[in-house]
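Heads up: the structure comes next, in structure tokens.
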Amino acid sequence: MQTMKKYELTKEYLTGIDMIDKEHGKLFDLANECYELVMDDAGTDHYDRIVELIDELRDYAATHFAHEEEYMERVQYERRFSERYQHLRFIQKLSEVDLDSVDENQQEYLLNILDFLARWLFDHIKGRDCHLPHADGGK
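Add 301 to the 1-based position in the sequence shown for this note's numbering, that's all there is to it.
The following block contains the structure:
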């Protein structure tokens, strides 16, 4: 089966900070996994995979945010506290999963998660993370 890709970490989403860009790439990969499930119109029950994917996304994002926040602290980024707040909101949203809602309408729930994730990837990464200063004083 060929993997469908809707979301790609293109140049406009790169921060120039290798660790952060690599981790953002994994978030894009997880978004593509959500997209693949949305596009599977075979009527397959994906409940278990959806729950696993949400857990994986939440856990990976928490790890990534910790790395990003450590970096921001190291470079004394002036917006690091507002960034932390944004990160906490992201994790909170993924922690509020209503398993009954997932089971009742998997497609709708996946679309909502995908919409949330896509907005985060495009708005937060491009609008906020791409402005992170480099540790060597660049950018």
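Note that the Cβ used here is the ideal one computed from N, Cα and C, for glycine as well.
Predicted model, so just to flag it, every value in this text is computed and none were measured.
Limits of the unbroken alpha helix (DSSP H) element including residue i
i: Glu-379; result: It is not in any alpha helix (DSSP H) - Glu-379 carries neither H nor E in the DSSP assignment.
i: Glu-337; result: 319-340
Close beta carbons around residue i, own chain, < 6 Å, minus the five adjacent residues each side
i: Asp-430; result: Thr-316
i: Thr-311; result: none
i: Leu-418; result: Ala-332
i: Ala-436; result: Val-376
Proximity below 7 Å, CB of residue i to CB of residue j
i: Arg-385; j: Glu-370; result: yes
i: Cys-415; j: Cys-335; result: According to the sequence shown, residue 415 is Leu rather than Cys. Cβ distance < 7 Å, so Leu-415 and Cys-335 count as in contact.
i: Lys-427; j: Tyr-314; result: yes
i: Val-403; j: Ile-351; result: yes
i: Leu-411; j: Val-339; result: yes
i: Glu-324; j: His-365; result: yes
i: His-368; j: Gln-407; result: no
Same chain, Cβ closer than 7 Å to residue i, five either side skipped, listed in chain order
i: Ala-363; result: Ile-392
i: His-425; result: Gln-387
- [ ] Please list the segments of the alpha helix (DSSP H) lying wholly inside the segment 345-371, counting only runs of 4 or more residues, in order along the chain.
- [x] none
Task: Those runs of the alpha helix (DSSP H) which lie wholly inside the segment 385-439 and span at least 4 residues - done: Within the segment 385-439, the runs of alpha helix (DSSP H) at least 4 residues long that lie entirely inside it are, in chain order, 400-405 and 407-420.
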